[in-house]
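Participant: Protein chains in written order, with the numbering used here: chain A, 240 to 566; chain B, 13 to 588; chain C, 531 to 886; chain D, 950 to 1296; chain E, 1095 to 1456.
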Amino acid sequence: MSAPTGSVPGPRPEPPTGPEPTAGRSPRSLARRRRREALLRFAREYARNRAGMFGLVSLLVIGALALTAPLFIDQTHLTVTGAPGDPFQPPGGDHPLGTDNFGRSVLDLIIWGARVSLTVGLLATFVSVSLGTLAGITAGHFGSSGGTGGRVVASIIMRVTDWFLVLPTLVLAVALAAVLPRGTGTIILAIGLTVWPATARLVRAQTLAVEARPYVERARALGGGHAHVMGWHVLPNVMPVVLAQTTLLVATSIIAESTLAFLGMGDPTTISWGALLQAARTSGAISAGIWWYIVPPGLAIAVVALSFTLCGRAVEAVINPRLRGRS
Amino acid sequence: QEGDGSRLTVAIAQQVDSFNPFTAQLAVTTNILRHVYDRLVTIDPETNGPAPSLAEGWETSEDGLTWTFDLRDDVYFSDGEQLTADDVAWTFTTIMENDAAAIASGNYVSGFEKVTAEDDRTVVIELDEPQATMTALNVPIVPRHVWEPILEEEGDAFSEYTGDDLPTVGSGPFVLTEHSRGEHIMLRANPDHWRGAPGFDELYFRYYSEKDAAVEALRSGEVSFVYELTDAQITSLESVEDIAVNIADGKRFQAFTINPGAVTQDGEEFGDGHPALEDLTLRQAIVKAIDNEEIVRQGSNGQAVAAGGYIPPRYSDFHWSPEGEEAILDFDPDAANEMLDEAGYERGDDGVRVSPDGDRLELRMFVHSDRPDNVQAGLVIAERLADVGIEIDNRTVDPGILSDALYDAEYDLIFTGWTVNPDPDYVLSIHTCGALPTEPGTMQGDAYFCDEEYDELYEAQLAEYDPEKRAELIHRLQEVLYREAVVNVLTYPNILEAYRTDQIEDLQLEPAEGGNIWGQDGYWAWWSAQPAETSGSPTGGPSTGAVIGIGVGALVLVVAGAFLFFRRRSTMEDRE
Amino acid sequence: MTTTPTAADGPTGAGADDAPAPAGPRGPGRAASVAVYVLGRLLTAIVSLFAVIVAGFFLFRILPGDPVRAMTEGREVTAEQREELRRQFGLDQPLWLQFLDYAKGLLHFDLGVSFQYREPVADLILERLGPTLLLAGTGTIIAALLGLFLGTRAGWRPGGRGDRINTAVALFFWSVPTFWLGLLLIVLLASGRGFMPGLFPTGGMVDPTLTGPVERALSTAQHMVLPIVTMVAVIYAQYLMIMRSSLMDEKGADYLTTARAKGLRDALVRRRHAVPNALLPTVTLIFLNLGQVVSGVILVETVFSWPGLGQLFYSGLQVPDIGLVQGLFVVFAASVILMNLLADLVYPLLDPRVRP
Amino acid sequence: MSGLLDVRDLNVTYTSGAGDVPAVRGVDLSLEPGDTLGVAGESGSGKSTVALALLRLLPAGTRVTGRILLEGEDVLTMKWGRLRAVRWVGASVVFQGAMHSLNPVRRIGDQIAEPLMVHGTVPAKRVEERVAELLEQVGLPASRAQDHPHRLSGGQRQRVMIAMALACEPRLIIADEATTALDVMIQAQILALLERLVEENGIGMLMISHDLSVLSATCKRVAVMYAGRIVEEGPAHQVVHDPAHPYASALSAAFPKIGDPASRLAPRGLPGDPPDPADPPSGCAFRPRCAVAETVCATVDPPLWPVRPDESGRSERHAACVHVGSGRDGIEGASTPGETSTEETSR
Amino acid sequence: MSAETDPLTAAVGTDTGETPILRAEAVEVAFSSGVGPGGGRGTARAVDGVDLDVAAGEIVALVGESGCGKTTLARTLLGLERPTGGRVLFEGAPLSHRSRDLRDYRRRVQLVQQDPMGSLNPRRTVYESVVEGLRIHEGTTVDEYERVAGALSRAGLRPPERFLSRYPHELSGGQRQRVVIAGALILDPEVLVADEPVASLDASVRGEILRLMLELRENLGLSALVATHDLGLAWNIADRVAVMYLGRVVEVGTVEEVLSAPEHPYTRALLSVLPDSGVEEGPVVLGGEPPDPKRVPTGCRFHPRCPVLASGEAERAGVADMCTSVDPEVLAGGPGHRTACHWAARVGGPESPRTVEGPMSS
Ligand SMILES: Nc1ncnc2c1ncn2[C@@H]1O[C@H](COP(=O)(O)OP(=O)(O)OP(=O)(O)O)[C@@H](O)[C@H]1O
Ligand SMILES: Nc1ncnc2c1ncn2[C@@H]1O[C@H](COP(=O)(O)OP(=O)(O)OP(=O)(O)O)[C@@H](O)[C@H]1O
Ligand SMILES: [Mg+2]
Ligand SMILES: [Mg+2]
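Written as structure tokens, this is what we have:
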């Protein structure tokens, strides 16, 4: 189906700008321009949302720090043998957040850990949200309007989803992590592959609700194919659910890494927030009152998760016509 | 309610596999059963040597094949029956004859020919071959009149019998009275114990699956004793009033072994160890490149002793440490580099050496991910070996993956560690050629080590009944191990424990100097522990605590509820 | 082409001058159709369960490591002792035979034997089921109620102060690892350091020295406080967020204007009209979570030494005790299946539109 | 002046979205008990907005000014608590698109009962009885109370809404296109029912409809709206059959009459663009589409003048057009129009 | 009064015998309820055998009370519902339900839905909703903007710029309806199937829309099937009218024939209740619930509510037995005035006695 599916559910995405000199432009460039304008408008509206900007900026700062970390962190300081301080130094001049059990600066570790943690958080979320959304929309759509063939597809998808769904997430992740070679990729896969069914379920429920609305029938009466209905009508209407899931999943994924470590499935040699937490735990820092080793990684995860939520919230405010103009 | 007596609470984490003394294997259960059933011989906390227990004395025949133990005559089981030589003989014979009953202690009787009760007080054990470990038979002696019917009834299913008929009937200083899986285990003192009544009326083991929670419980007084602490925890507990920490000499060693090329007993090669590691020079260079002191510092935060020989210094008779000339493998990266240069291991462009056969020195190192000290040591080793041009592929993995790699010989370096008993025979036996696998995957030990000299020395020490001569042989065994650089001991981690002095007055360490409390080879600690004067029962508080806790919870709820209610009241009017 | 009158379709008759009564929801075939519906769901559930059992069995067989080696690791055992263990647990047989045995056992609710405890897995699980249900059930119910309540508040006035504070707090807790929060709570509220008295026990479920049922119940309640607080804090955000977004979706609906026009208080409009509708998508989630929560309490139980299934699983994982882990896997999955089944059965009660 | 409903100078401006939309601009209405006022007018002229404004149901952020006296009390300045008490008891609404105005997950019986409970109109144990009675009134068997809205046809749902609106025996019923979705048969029933209620109980009814024949048959008086204003108001029959305002006459002419050969295959519309409430034309809003517009229309936005007044200058009817009788005089006489005439609208 | 010579009717040539552009042939649509809690057993025969032709350039009105199956028939004609019996023919060829064919078909045949509230996606602006069909079939075109604006202003939303960026909840009911109409017209369809297209429009706008339809028919040869319960609408624009009752067409003929000289008692009742109908006997209000398509009465489906039967007139005409036991035949869809009534067949219509087409088998 070649139906155009406006994938960016931007605000007021169409140009009510009056008859412009459109002559001489190819439809393709027009479409491109339309999309660009929609994006611009989206950006403008987004920029007006203060909380959203705050979230975005803090994410960007964290991301930039993580990316440029090699420039200002001496990597030998992150090795066990090259640790610059004494073990468990409390926060102070040289080490603003103190040191860990090897004498490495906790601040350095946090910044460096962002590299892995953000990767895990983003990729795992991406994998599970896109998988879940795709499965949910497809199953919901074909289940309600696909004809017999579609229904078969839908029920297969749903069976698979249901089947994944009943597998206890954590247990499955543990098994996956145990079978696959240790590493960030495995963690991403283990999380991504086990978390999606919940998203799929939610999205499917929402899809079914949307599919029952007359405007979907109108779209079909207009000749819109499956892709059109799913992309143009269903997707924007499941976006709130997807956004809510996404914001939750980013934190979940980052934490899942440390949870897997807690259960003995992590890779203690990588530096990530989850691994830091786990290292803090195994070193007994919690009951020893070495708070500077435990609190920062936890807070870092929370800050990222909150920033994501603020962004998600702002996007939602921009794309939901009824919320427009508020907040 | 019977909790009026004094109680000693221990935080434990490991689950109970079985209270069947024939099958129980996990550390927690063997530790507990040690207080329930006496052994023939125990260990003297002062001398670290064998001490009389059920057996008042023992003697050996000339050929060393017959051992005669004289039993005490004042030992009664907790059901009032007297313990006789018949019980002892039956216990040993059962283990020898019944596979299911051999699960826990089969290794002690493998060299036994026959065990007989000469009379009520005398047990005679006949051996196939001399066996120097006869005074270290860690076999619980059980009442025949209780276990024989069970054995008959269970038959083949005996191995699944978990001994959950409580209270147990035993001769030890405590009687196991209660077990609530995953919650607690209760032992009551046996006031009629032949050695004298224990100081505490109750020994209460409480489950804490999270160590930090256990430490907090120690702080709050809910438990009297915790063990297996970390350095950070010890450091912070040290300064706490009413808490004493005990840093004991380690019984364990932490080591890594090098795959020297795995072979079966028939000489069939298998696995995929790095071929260059067959070269002794390379192995020695690897060991020289590693600073055990640094591993003590970084890997164990100082709570360990840098190792030389195989057996920890705690067993001063058997411990051996390379001195002077012998210390050929001391940390010396320059020398290591030199050795490698000389042996033709050229550095490649990336700084990684290549063996004379053209194999790049990239070695897979397997580390237990669940052992923080191993993980940390692994990091140090990886970084240090880089200094001598060896690249380490650090595989910090699950024990399962690690053991697969070990048994399939698909590793280059691998971490290992053993807790060494007062008699080191077993940990030595695993490096004999006889421990090599009969076919791939069936190895007994933890390294594919096989050395004729070693095997000879091993046989000799096993047959040597003279302690000093035996110690000498064992020293030489360790020297061989050290030289061959296959089994490389890194550190002896300290044992870190803490207890509340306002609950426990005084207890016996084993050994008395630098000894530990938990996991003693005897039952000295809990038998000797005396309740402190001020000892409030550690769990005496909860009911008041409960009242306070629930009160506070309720208060919070009420306040929150009221807040919400009034807030709603005030805003309800003006909202649409 | 002729159309024949079909008498089967309804009571008609000569001279019937009033229209046939509309088919009410309580038609004659209702009981039967409900039964068919329920049976259908049950059948699906059973098929899922079977699939899970097969998956569980093979999944845990491909886990690396030899359980017998793992069990005896670090202890002084001979090859014969190991062989004996292997034989005992049937690990010496080919995989398919093991599976057949296992499947046969399942028919009598025999989940095999735990390597670690040497006890039937089913017994172990039954023993621990109570505590887990107590903890997980209470925790989920509180979390769901709290999340729904606050989510309703937040979604009713999105962007408002209450919304911002509520979501920020919820997300903060959502983003901290369970064990981290649990341990901090122990440090702060249980250990009695500093000026804080130790208000709550550091772990366990009940003080075993207490014998009176009331005392024991009180003690259990006290032991439950911290685990429940941890659990609730960590999961309620999800309910809040979902409730919030579905309520926001519902906010523009015309029937809310109707409700307002009827003179209902704002709170009533929300409670009686908006929430029941917004609840529909949330219900799916609640049931999903209810199923997952049994396995989700692994961390909480571990931190607070709660003698439940989660802790059992954790201990099984350390060994690894394949028999146990696999049995728990089946139980965890079965709980999800059961909850899904319940969701399927309950949903039509909530949403009349899906009642066929 | 103590009529049932008295609306003075009602202005409503929507503020959401792209800019302000002044949907209602200075509407005056009044209604006595036992009266029926019909409101017709162009789609988008603000009829529903007026209806919603009467009970302050407009979306948050909408600007409403003027005065809405319901039995002497100003709805716009009421306390919320009082407003809630007034809603449904003082006045109830049948919404346009009533099919969507029912809560899909609640039984219709409960939804009808709800206002009864909230306002305590009947004792709790009589509620069920009353619900059954209401359903019977609108021609639904009482057993349908157990059904959920999706089981009802559009027409049935609409009738449920009407039953609900009648529940508390309000003094005023606002029916916004209450019969649009109904087929003629049911429409006839419902209209008969409403007429009876108005007559018997002396309640007032504000009936918004596009169907002029319905309005003329049911209402005593009719007001015609255009671009947010009332452009003509008067006795129903006169306004429908003999309209004075050009828009009203266009509307009336456009209404099809079955059997009238003139309208057969010749639907009549209104040429020209509908007004933009955000940017109304100067002067009379209808001017751009008006066939009889004059220059003066571009400058004067005429108020409601009496149409064909009697000697005392009074009339049953008023229209906002310079062509209407006194209107012209008023303008030409350059007197300030408005006050007097609007005063006269209410008797 | 007969309108057989009406010039317009003749002009569009419904009698020429060409293949009708759209044709329903014995279409049946039955909804069978699934199984589940709540019950609701049985099959709802929403459309129960309908023959109906729409000739090229013809406007047919489908009238009938609520729930008689108008919407279902309209949806079936669009291929949105698969008929459980009979078939739909477009230009003489049976409608293919393959998605590619349907797409092409739906480019030429457009549907205007009954419910303007629900037919617009709340998250899409007016512009997007109108342009949707265009995008589906033509992608983005250069003159897209102009076409959208044109369609909106044709539908009476003028000036269009004012509405382009609004969302449905910011429109009045009539404005929403017109957006839907604009969305259907933008593709210049050949056939328009409109379900209550003007129900929520005021007379003037509605007149305008209807005139637009007539214009389109004149200029582009648009054909239309308009489902409505508004008889005035039929009078305004339709050439022919079909009266539906409980899933069946019970009377069909030209507008003049049916509305001026109704034969079926149901049609007569319908006309009698119009507020200013000139019927002397007064309105004939039919009692009882609207019939339930799950329980179609035996015999004539109208008989339980039939005033003629109730008043004993049928008895007098001697058809009362037939009324309760014999189901009248399905009426053919083509031109001509036909009534499915035993009584009318016997006594003839009140003004122009005619015969019901005899029982036939097809
Ligand atoms: N929420 C809103 N935001 C902005 N404009 C709105 C909103 N609601 C309605 N409008 C506009 O206000 C005007 C009046 O709308 P209203 O619904 O009162 O019309 P109406 O007379 O009821 O029309 P109809 O007969 O079509 O229902 C319309 O132009 C409409 O576009
Ligand atoms: N999906 C469905 N499942 C079951 N029954 C249905 C379904 N759709 C319609 N019906 C039933 O079919 C009959 C005809 O419905 P339809 O919507 O076609 O009527 P209508 O003539 O359009 O009525 P209205 O004038 O109220 O719109 C109704 O009784 C309706 O209840
Ligand atoms: Mg309106
Ligand atoms: Mg319809």
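For each residue, glycine too, the CB sits at the ideal point set by N, CA and C.
Is any beta-carbon of chain C found at less than 8 Å from that of T358 (chain A)?
Facilitator: No - not a single Cβ of chain C is within 8 Å of the one on T358 (chain A).
Participant: Quick one: does G497 (chain C) have its CB under 8 Å from some CB of chain D?
Facilitator: Any question about residue 497 (chain C) goes unanswered here, given that chain C covers just 531 to 886.
Participant: Could you name the residues that DSSP lists as bridge partners for S1212 (chain D)?
Facilitator: Answer is none; S1212 (chain D) lacks a bridge partner.
Participant: For L1304 (chain E) and V1123 (chain E), I'd like the C-alpha separation in whole angstroms.
Facilitator: Answer to the nearest angstrom: the Cα atoms are 29 Å apart.
Participant: Name the two residues that bound the continuous beta strand (DSSP E) containing S1261 (chain D).
Facilitator: Careful: S1261 (chain D) lies outside any beta strand (DSSP E) and carries neither H nor E.
Participant: Between M108 (chain B) and S171 (chain B), what straight-line distance do the alpha-carbon atoms span, to the nearest angstrom?
Facilitator: If I take the Cα positions, the gap works out to 14 Å.
Participant: Contact check, P982 (chain D) vs G1039 (chain D) under 8 Å by CB: the rounded distance?
Facilitator: The Cβ separation is near 12 Å, so there is no contact.
Participant: Where in the stretch 89-142 of chain B do unbroken runs of the alpha helix (DSSP H), each at least 4 residues long, occur, reported from the N-terminal end onward?
Facilitator: Correct list: 97-109 and 118-121.
Participant: Report, in whole angstroms, the separation of the C-beta atoms of E195 (chain B) and G734 (chain C), which I expect to be a contact under 8 Å.
Facilitator: With a Cβ gap of about 6 Å, E195 (chain B) and G734 (chain C) count as contacting.
Participant: Kindly say whether C550 (chain A), judged by its beta-carbon, lies nearer than 8 Å to any beta-carbon of chain C.
Facilitator: Not an interface residue.
Participant: Relative to the C-alpha of A394 (chain B), which residue among B:L20, B:G314, B:S415 and B:D424 is closest?
Facilitator: Nearest of B:L20, B:G314, B:S415 and B:D424 to A394 (chain B), Cα basis: B:D424.
Participant: Assuming A318 (chain B) and R396 (chain B) form a contact by the criterion Cβ under 8 Å, report the distance between their Cβ atoms to the nearest whole angstrom.
Facilitator: Rounded, the Cβ-Cβ distance is 14 Å, inconsistent with contact.
Participant: Name the chain E residues whose beta carbon is nearer than 7 Å to that of Y454 (chain A)?
Facilitator: Here the neighbours are G1212, S1213, L1214 and N1215.
Participant: What did DSSP end up calling S1317 (chain E) once you bin it into helix, strand or coil?
Facilitator: S1317 (chain E) falls in the strand class under three-state DSSP.
Participant: Bridge partners for L980 (chain D) per DSSP, in chain order?
Facilitator: In the DSSP output, where bridge partners are listed per residue, L980 (chain D) has D:L954.
Participant: Let me make sure I understand the geometry here. Which of A:V366, A:V359 and A:T408 has the alpha-carbon closest to that of A509 (chain A)?
Facilitator: It is Thr, not Ala, that sits at residue 509 (chain A) in the sequence shown. The candidate whose alpha carbon is nearest that of T509 (chain A) is A:V359.
Participant: What is the rounded straight-line gap between the Cα of Y1221 (chain E) and the Cα of T1011 (chain D)?
Facilitator: So the alpha carbons of these two residues sit roughly 24 Å apart.
Participant: Give a yes or no on whether the C-beta atoms belonging to L549 (chain A) and F281 (chain A) are separated by under 8 Å.
Facilitator: No, the pair does not count as a contact, with Cβ atoms beyond the cut-off.
Participant: What does a CB cutoff of less than 7 Å around Q752 (chain C) pick up in its chain, not counting 5 residues either side in sequence?
Facilitator: For Q752 (chain C), where only same-chain residues beyond five positions count, the Cβ hits under 7 Å are F730 and P731.
Participant: Thinking C-beta only, is L756 (chain C) closer than 8 Å to L715 (chain C)?
Facilitator: Against a cut-off of 8 Å, the Cβ pair of L756 (chain C) and L715 (chain C) comes out as a contact.
Participant: On a Cα-Cα basis, can you pick out the residue from C:T682, C:R802 and C:F587 that is closest to L636 (chain C)?
Facilitator: Nearest C-alpha to L636 (chain C): C:F587.
Participant: Run through the stretch 218-243 of chain B for me and flag every whole alpha helix (DSSP H) of 4 or more residues, listed as ranges in chain order.
Facilitator: List check, alpha helix (DSSP H) in window: 223-232.
Participant: D1125 (chain D): beta carbon under 7 Å from a heavy atom of ligand 3?
Facilitator: Answer for D1125 (chain D): yes, Cβ within range of ligand 3.
Participant: Considering only the alpha carbon of each residue, which of D:L978, D:L1051 and D:V1054 lies closest to M1154 (chain D)?
Facilitator: Cα-wise, what sits closest to M1154 (chain D) is D:L978.
Participant: Check this for me: beta carbons of M1113 (chain D) and Q1045 (chain D), under 8 Å apart or not?
Facilitator: It is not a contact, given that the beta carbons lie outside the stated cut-off.
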